[in-house]
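Those sequence lines, one after another, are chains A and B. Mapping the first sequence onto numbering that gives the first Met the number 0, position 184 (from 1) lands on 183, and the numbers just tick up by one. Mapping the second sequence onto numbering that gives the first Met the number 0, position 166 (from 1) lands on 165, and the numbers just tick up by one. Cβ atoms here follow ideal geometry from the backbone N, Cα and C, with glycine treated the same way. Bear in mind that the values here come from a model prediction, so they are computed numbers and not experimental data. Encoded as structure tokens, the structure appears first; notes follow it.
Protein chains: 2
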Amino acid sequence: MCLRIRLVKREHKQPAQTVLRESVEPVSELTTNRLSVYLRCLNVLDAAGVRTVSSQAMAEQFHLNAAQIRKDLAYFGEFGVRGVGYYVKELRRHLRQILGIDRGVCVAIMGAGNLGLALADYPGFRDEGFEIVAMFDQSRDKIGHRSRAGVPIYDIRDLRKIVRRERIQIGVIAVPAAAAQGVVDTVAAAGIKAVLNFSPGALRVPDGIKLKSMDLTVSLESLSFFLAQTEDKT
Amino acid sequence: MCLRIRLVKREHKQPAQTVLRESVEPVSELTTNRLSVYLRCLNVLDAAGVRTVSSQAMAEQFHLNAAQIRKDLAYFGEFGVRGVGYYVKELRRHLRQILGIDRGVCVAIMGAGNLGLALADYPGFRDEGFEIVAMFDQSRDKIGHRSRAGVPIYDIRDLRKIVRRERIQIGVIAVPAAAAQGVVDTVAAAGIKAVLNFSPGALRVPDGIKLKSMDLTVSLESLSFFLAQTEDKT
DNA sequence: TTTTGTGAACTAGTTCACAGCT
DNA sequence: AGCTGTGAACTAGTTCACAAAA
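Here is the structure:
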């Protein structure tokens, strides 16, 4: 659960003037995930040279719900103009600020195996304002080397030091399942407050640390369930 | 939306006797995802030699909700024994059957780049009944080779033929974002009914095909949002 | 007129609490 | 006594529909 900070125009005669009003309403993760989706839509629109877009037009083009777009955005401020819609560039800038990616976010990847190396060089991250600045492993064979794209691999024992030096804010867990809990504990102890986990099974994190898990097995099983059900309908 | 098939004991004097009762109630994806989680818990319990487990005990050990466990399981049958709980091995077998992984499920990976190769050799899949039988790419440099673990890389133009030959049921999209929609269309045309997508942005699939997306950027942005909010509380 | 922002209505999902079975 | 299975109560999330703004 996060708090929201809503930007509200106080003096609507001075339209650029915004005031930070802090409230204690929680924002659901479903909402924040959709903000990312909207940002991706705006990137497309902006690249296509579109200047303004209504919630309706966006909903149609990207198969979303117009009321939900408006409601999600309205949580954070009054970004729209009645009768016009939203200014694409402006809304994009607002969303990047809300998501905290307007200044680059530094990310470390724990585990320099196949998956870790693939994630380190994944181009989609850098494009959106994330920078993979380090990988960590315990294997002597890997420490001191770099990924193909040049991300250095450090000894996991140096985690704390390098987290501080590189201002690492997010840790990605790409180690075998058996090692995952131990690595998460190390990551938390090093002062990282947000963790993206790719290992299967539940991990425990201390309070105040945000854990997001992408369990590949759960996703495949969900698809398998769908197949099993549709088969049975014969 | 899937249909559920509930196993209900009709003759409770013959406790092993179950009857398939087909109903039209939809099962939410949240529920099916939790079934995977329960299966993972049961694997742990079984490996630890535990014979029976109550919903309460499972909830405590794995930080779940007991009523939800019971309700989720009760959708599919009366697997528990009042006063006792659930037989671990038996429930595990039931869940594997419900999820359709009791007979191995064949999976193909589209795209033999870093991510595709990493997924192909990811050990967590095989462990749970999924077999990565093929990768597909369009690059001459890759076609004809194999992943380190031995998964063959085919020409994407041979997709239809190999899907039929290898009985491929699930396709995983691990190609660059720009190519993703085209590849999904090809996958759908080849008769695959379930797709796991790793590329960012929305994909359109024809009706009757199940698409599940794991958007890495959305997840990282969700974490970044959390960090941005907690910083502001200063 | 067009389109936002938002209360109200609705729908989905979770948790409670207990009857009833073992 | 102990625990499941489940209706009822509750909570969260989505969509509708419209007053107000440009």
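At a cut-off of 8 Å between beta carbons, B/Arg92 makes no contact with chain A.
Residue burial annotation: A/Pro25 is exposed, with fewer than 16 other C-beta atoms found within 10 angstroms of its C-beta.
Distance between A/Gln60 and B/Arg91, taken at the CA atoms: about 43 Å. Residues of the segment 150-183 of chain B that bring their beta carbon within less than 7 Å of a beta carbon in chain A comprise Gln168, Ile169 and Ala176, in sequence order. Flagged as an interface residue toward chain A: B/Glu28, by a C-beta distance shorter than 8 Å. In the DSSP secondary-structure assignment, B/Glu130 is bridged to B/Cys105. With respect to the 8 Å criterion, A/Phe124 and B/Ala193 are not classified as neighbours on the basis of their beta carbons. Counting along the chain, A/Ser35 sits inside the alpha helix (DSSP H) bounded by residues Glu28 to Ala46.
By the Cβ-count criterion, A/His62 is exposed, with fewer than 16 other Cβ atoms from all chains shown falling within 10 Å of its own Cβ. Burial is judged here by how many other beta carbons sit within 10 angstroms of a residue's own beta carbon; A/Asp71 has at least 16 and is buried. At a cut-off of 8 Å between beta-carbon atoms, A/Val132 makes no contact with chain B. In summary, A/Lys160 is exposed, with fewer than 16 beta-carbon neighbours lying within 10 Å of its beta-carbon over all protein chains present. Taking a cut-off of 8 Å on C-beta distances, the segment 97-110 of chain A touches the segment 167-179 of chain A, as three or more cross pairs fall below it. Within chain A, the residues Asn113, Leu114 and Leu215 have their CB atoms less than 8 Å from the CB of B/Tyr121, given in chain order. Residue contact with chain A for B/Ile108: absent (no Cβ-Cβ distance below 8 Å to any residue of chain A). Neighbourhood of A/Asn32 in chain B, by CB distance below 9 Å: Asp214, Val217, Ser218, Glu220 and Ser221, in chain order. Counting only runs that start and end inside the segment 107-177 of chain B, the alpha helix (DSSP H) elements of at least 4 residues fall at 113-119, 122-126 and 158-165. Per DSSP, the continuous beta strand (DSSP E) segment holding B/Lys211 begins and ends at Lys209 to Ser212.
Collapsing the DSSP output to three states places B/Ala193 in a strand. Listed by position along chain A, the residues whose Cβ is nearer than 9 Å to that of B/Lys211 are Ser218, Leu219, Ser221, Leu222 and Phe225. Proximity to B/Leu38 across A/Ile208, A/Val80 and A/Ala201 peaks at A/Ala201, based on C-alpha coordinates.
It is roughly 33 Å from the alpha-carbon of B/Pro205 to the alpha-carbon of A/Ala119. When beta bridges are read from the DSSP output, B/Thr51 appears opposite B/Tyr86.
Taken atom to atom, the span from the alpha-carbon of B/Gln137 to that of B/Ala177 is near 14 Å.
For B/Leu98, at least one C-beta of chain A is nearer than 8 Å to its own C-beta. With its beta carbon less than 8 Å from one in chain A, B/Ala117 belongs to the interface.
Taking the Cα positions, A/Gly128 is about 26 Å away from B/Gly181.
Rounded to the nearest angstrom, the gap between the Cα atoms of A/Val36 and A/Lys88 is 15 Å. In summary, B/Gly79 is buried, with 16 or more beta-carbon neighbours lying within 10 Å of its beta-carbon over all protein chains present. Inclusion of B/Ile100 and A/Ser223 in the CB contact set at 8 Å is warranted, their separation being smaller than that value. Only residues of its own chain outside the window of five on either side were considered, and among them Val106, Ile108, Ala119, Phe124 and Val150 have a CB closer than 7 Å to the CB of B/Ile131, listed in chain order. Within its own chain, the residues whose Cβ lies closer than 8 Å to the Cβ of A/Arg166, once the five positions on either side in sequence are excluded, are Cys105, listed in chain order.
CA-CA distance, B/Leu114 to B/Ile142, rounds to 16 Å. Assigned with DSSP and collapsed to three states, B/Val217 falls in helix. Restricting attention to B/Pro122, B/Val162, B/Ala47 and B/Glu77, the CA atom closest to the CA of B/Ala148 is found in B/Pro122. Boundaries of the alpha helix (DSSP H) harbouring B/Arg69: Ala65 to Ala73, taken from the DSSP string.
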